[in-house]
Amino acid sequence: MRFIHVACFDDWRSEARALLSDEVAPNQVHWSPEDNQLGLFDQIDGETSKEKGADASLNGGGKSPRVSVPSPFLELARHVACHRDPARWQVLYQTLWRIVHGERRLLEISTDEDVHRLQVMKKAVKRDVHKMKAFVRFRKIEANKAVETYIAWHRPDHLIMRLAAPFFSRRFKGMLWTILTPNESAHWDQKQLTYGPGLPASEVPRADVLEDLWKTYYASIFNPARIKIDMMKREMPVRHWPTLPEASLIEDLISEAPARVNQMIENHEGFSETAARYLPIQQDLKSLRHSVNHCQACHLCNDATQAVFGIGPENARLVLVGEQPGDREDKEGKPFVGPAGELLNTSLHDAGIERNDVYLTNVVKHFKFERRGTRRLHKKPDSREIYACRPWLESELTALQPKTVICLGATAAQALLGRDFRLSKQRGGIQMTQWSERTIATWHPAAILRMPDKNRRSEMIRQFVQDLRQGNAVLE
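Mapping of the sequence shown onto the numbering used here: residues 36 to 511, in sequence order.
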């Protein structure tokens with residue numbers, strides 16, 4: 036058994052070359068990593084240029100017999116060498132042994148245990164490099180009055196300084212800077228990148244004005260309406276927060292988010308325009324139907340074929356409000372003529388309601404979609420589009436003055452009953468609104484059609500018919 040201590044990739048490569056020369060099998064070697072990383076990839080630039088062919092040499096210029104290995108292995112090994120797993124050297128040599136002894140295409144077998152383990156290490160290292168590029172925050176120090184000097188401290192998960200530092204030398208070429216980690220440091224003097232020992236966070240100079248700038252910037256781009264705490268912690272791990280100036284704001288920003296969202300909604304922040312200025316002076320249904328075709332309150336008018344206004348008798352006592360027109364509705368210019376309309380017709384019949392007695396409309400008048408090849412697939416309208424289009428619906432309901440309004444789906448329900456309305460919990464309940472004595476919310480027929488579970492779909496249809504029947508009953 037041979038016991039070998041290595042500190043970096045170059046050490047491992049030299050030892051591996053000698054072991055292969057002596058035909059020493061992996062089970063006859065015990066690899067032991069050392070604590071420091073100095074010397075890692077010292078010749079990385081030169082070697083990279085030599086590895087563009089199909090194979091590359093494992094030799095680093097020594098006198099041992101030349102060993103040829105696939106170039107992807109060397110690229111893989113350089114990343115794995117930066118991982119903290121103590122077994123990395125053993126797995127690398129074991130994989131190298133197999134490649135040299137007949138398994139030249141081993142790296143193409145992703146399910147192989149050794150290959151999979153190495154790829155997992157490489158992925159972790161590359162992700163750590165990405166995080167370092169994103170989370171390093173420089174502080175200005177008074178070290179050189181002629182040229183501004185900056186310093187940063189970062190705690191990476193792996194030994195990645197030599198992989199990440201060249202990025203900063205290119206990005207901040209005109210600065211004097213030093214990046215410190217617990218294991219190693221990097222220094223750029225505007226000409227050359229050099230490396231030294233690591234330092235603890237306590238040795239780093241205190242905060243400067245740059246931290247206040249970071250905090251101001253972060254607070255200004257923080258969107259309380261799109262906060263996803265779990266995702267944020269995955270992308271900005273908590274262990275990095277001590278070195279991020281803006282992290283000190285996160286707790287307060289999160290706690291204030293609900294109140295800020297409500298304020299944004301109440302003040303309609305970012306909702307620059309509504310359909311109000313496109314409404315006709317005479318707001319009867321005929322005038323509204325004519326004017327809606329000229330509406331440009333939101334961008335949906337640019338892609339839709341036409342605006343789809345409501346249809347039905349002007350003296351209708353029952354109004355059904357959906358979300359938006361679909362593909363067929365957009366082409367034909369009438370609401371509820373597609374598959375959802377067919378289910379609606381059947382359900383109205385089962386509820387004892389004549390469709391010709393009902394006024395049908397939507398909250399949003401233009402079809403919102405995304406293209407998939409030649410198909411146009413429904414895409415839910417966002418708050419700004421709903422807010423922009425809302426004057427049309429309000430004008431319709433004011434002109435109609437119905438006895439009962441049935442909201443089909445959550446979008447319609449929240450537009451008329453408030454953003455706090457939850458269809459799953461409040462479906463079927465009767466409420467009074469400014470447009471109707473009785474407003475009921477139920478399932479949208481399109482949502483029923485999308486339900487994959489047959490039993491659940493049948494139950495939703497039963498509830499749908501029941502809610503329609505309830506809305507009609509109060510009119511009789």
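Even glycine gets a Cβ: it sits at the ideal position worked out from N, Cα and C.
Would a C-beta distance cut-off of 7 Å place residue 40 and residue 118 closer than the cut-off? If you number the sequence shown from 1, residue 40 lands on position 5. If you number the sequence shown from 1, residue 118 lands on position 83. No, they are not a contact pair.
Around the Cβ of residue 149, are there at least 16 other Cβ atoms within 10 angstroms (buried) or fewer (exposed)? Taking the first residue of the sequence shown as 1, we reach residue 149 at position 114. It counts as buried.
Put residue 60 into one of helix, strand or coil per three-state DSSP. For the purposes of this step, residue 60 is identified with residue 25 of the sequence shown, where counting begins at 1. Residue state, collapsed to three classes: coil.
Roughly how many angstroms lie between the CA atoms of residue 447 and residue 364, to the nearest whole one? In the sequence shown, counting from the first residue as 1, residue 447 sits at position 412. In the sequence shown, counting from the first residue as 1, residue 364 sits at position 329. Residue 447 and residue 364: Cα-Cα distance of roughly 17 Å.
Contact the segment 121-140 vs the segment 58-66: 3+ CB pairs below 8 Å: yes
Are the beta-carbon atoms belonging to residue 109 and residue 157 less than 7 Å from one another? Reading the sequence shown from its first residue, position 74 is the one you call residue 109. Reading the sequence shown from its first residue, position 122 is the one you call residue 157. Not in contact: residue 109 and residue 157 (Cβ atoms no closer than 7 Å).
Using the Cβ count rule (16 or more neighbours within 10 Å means buried), how would you classify residue 347? For the purposes of this step, residue 347 is identified with residue 312 of the sequence shown, where counting begins at 1. Result: buried.
Assuming residue 498 and residue 477 form a contact by the criterion Cβ under 8 Å, report the distance between their Cβ atoms to the nearest whole angstrom. For the purposes of this step, residue 498 is identified with residue 463 of the sequence shown, where counting begins at 1. For the purposes of this step, residue 477 is identified with residue 442 of the sequence shown, where counting begins at 1. Confirmed, about 7 Å.
In whole angstroms, what is the alpha-carbon distance linking residue 49 and residue 189? The sequence position of residue 49 within the sequence shown is 14, counting from 1. The sequence position of residue 189 within the sequence shown is 154, counting from 1. One C-alpha to the other measures close to 31 Å.
Specify the secondary structure class of residue 485 as computed by DSSP and reduced to three states. Position 450 of the sequence shown, counted from the first residue, corresponds to residue 485. Residue 485: helix per DSSP, three-state reduction.
Neighbourhood of residue 97 by C-beta, 6 Å cutoff - its chain only, sequence neighbours within 5 removed: Translated into positions along the sequence shown, residue 97 becomes position 62. In this predicted model, residue 97 has a pLDDT of only 48, less than 50, meaning its place in the structure is not dependable; the value taken from the coordinates is given anyway. Counting only Cβ-Cβ distances below 6 Å, and skipping sequence neighbours, we find nothing.
As an exercise, report each continuous beta strand (DSSP E) stretch of at least 3 residues that is fully enclosed by the segment 131-210, in chain order. 174-176, 184-188
First and last residue of the uninterrupted alpha helix (DSSP H) at residue 114: Locating residue 114 in the sequence shown gives position 79, where the first residue counts as 1. Note, residue 114: alpha helix (DSSP H), 106-115.
In the DSSP assignment, find the unbroken beta strand (DSSP E) run with residue 512 in it and report its ends. Residue coverage of the chain in this structure runs from 36 to 511, which leaves residue 512 outside it and unanswerable.
Just the C-alpha distance for residue 202 and residue 155, rounded to the nearest angstrom, thanks. On the sequence shown, residue 202 is found 167 positions in, with the first residue counted as 1. On the sequence shown, residue 155 is found 120 positions in, with the first residue counted as 1. Whole-angstrom Cα-Cα distance: 23 Å.
Sequence-distant residues of the same chain with beta carbon closer than 7 Å to residue 374, five excluded per side: Counted from its first residue, the sequence shown places residue 374 at position 339. Closer than 7 Å at Cβ, skipping near neighbours: 484.
Return helix, strand or coil for residue 466, following the three-state DSSP convention. Stepping through the sequence shown from its first residue, residue 466 is reached at position 431. Three-state result, residue 466: strand.
As an exercise, report each continuous beta strand (DSSP E) stretch of at least 3 residues that is fully enclosed by the segment 376-450, in chain order. 393-397, 404-407, 410-413, 439-443
Assuming residue 424 contacts residue 356 under a Cβ cut-off of 8 Å, what Cβ separation, rounded to an integer in Å, is found between them? The residue labelled residue 424 in the question sits at position 389 within the sequence shown. The residue labelled residue 356 in the question sits at position 321 within the sequence shown. Not really, about 12 Å apart at Cβ, beyond 8 Å.
Helix, strand or coil at residue 344 according to DSSP, with G and I counted as helix: Counted from its first residue, the sequence shown places residue 344 at position 309. Note: residue 344 maps to coil in three-state DSSP.
Whole-angstrom distance between residue 167 and residue 234, CA atom to CA atom: Counting from 1 along the sequence shown, the entry for residue 234 is found at position 199. Counting from 1 along the sequence shown, the entry for residue 167 is found at position 132. The alpha-carbon atoms of residue 234 and residue 167 are separated by roughly 16 Å.
Taking 8 Å as the threshold, find out whether the segment 369-387 comes into contact with the segment 487-502 through three or more Cβ pairs. yes
Are the CB atoms of residue 164 and residue 199 nearer to each other than 7 Å? The residue you call residue 164 lines up with position 129 of the sequence shown. The residue you call residue 199 lines up with position 164 of the sequence shown. Result yes, Cβ atoms of residue 164 and residue 199 sit closer than 7 Å.
Who are the Cβ neighbours of residue 370 in its own chain at under 7 Å, not counting the five residues just before and after it? Here residue 370 refers to the residue found at position 335 when the sequence shown is read from its first residue. Cβ within range, chain order: 343, 345, 346, 357, 360, 364, 395, 396, 397.
With distance defined between alpha-carbon atoms, name the residue in 174, 55, 466, 316 nearest to residue 434. By one-based count along the sequence shown, residue 434 stands at place 399. The candidate whose alpha carbon is nearest that of residue 434 is 316.
Where do the N-terminal and C-terminal ends of the beta strand (DSSP E) with residue 37 fall, by residue? Walking along the sequence shown from the start, residue 37 turns up at place 2. Residue 37 -> beta strand (DSSP E) spans 37-41.
Can you check DSSP and say which residues form a bridge with residue 213? For the purposes of this step, residue 213 is taken as the residue at position 178 of the sequence shown. Paired residues: 186, 222.
On the three-state DSSP scale, how would you describe residue 124? What you label residue 124 is simply residue 89 of the sequence shown in a count that begins at 1. In this structure, residue 124 counts as helix in the three-state DSSP scheme.
In whole angstroms, what is the alpha-carbon distance linking residue 459 and residue 492? Locating residue 459 in the sequence shown gives position 424, where the first residue counts as 1. Locating residue 492 in the sequence shown gives position 457, where the first residue counts as 1. Whole-angstrom Cα-Cα distance: 14 Å.
Looking at the structure shown, is residue 316 part of a helix, part of a strand, or coil, going by DSSP? Within the sequence shown, numbered from 1, the residue matching residue 316 stands at position 281. Residue 316 falls in the coil class under three-state DSSP.
Three-state secondary structure assigned by DSSP to residue 77: The count along the sequence shown starts at 1 and reaches residue 77 at position 42. Because residue 77 sits at a pLDDT of 39, beneath the cut-off of 50, its placement in the model cannot be relied upon, and the point is left open.
Just to check my reading of the structure: residue 426 and residue 399 have Cβ atoms closer than 8 Å, yes? What is that Cβ distance to the nearest angstrom? Translated into positions along the sequence shown, residue 426 becomes position 391. Translated into positions along the sequence shown, residue 399 becomes position 364. Not quite, the Cβ-Cβ distance comes to about 12 Å (not below 8 Å), so this is no contact.
Let's see if you can read the secondary structure: which residues bound the alpha helix (DSSP H) around residue 363? The residue you call residue 363 lines up with position 328 of the sequence shown. Residue 363 -> alpha helix (DSSP H) spans 362-367.
Look up residue 118 in the DSSP assignment and say whether it is helix, strand or coil. Looking up residue 118 in the sequence shown gives position 83. Residue state, collapsed to three classes: coil.
Rounded distance between the beta-carbons of residue 114 and residue 161, thought under 8 Å: Here residue 161 refers to the residue found at position 126 of the sequence shown. Here residue 114 refers to the residue found at position 79 of the sequence shown. That belief holds up - the Cβ atoms of residue 161 and residue 114 are roughly 6 Å apart, short of 8 Å.
Compute the beta-carbon to beta-carbon distance between residue 231 and residue 222, rounded to the nearest angstrom, for a pair I have assumed lies under 8 Å. For this step, residue 231 is matched to residue 196 along the sequence shown. For this step, residue 222 is matched to residue 187 along the sequence shown. About 7 Å; that satisfies the 8 Å criterion.
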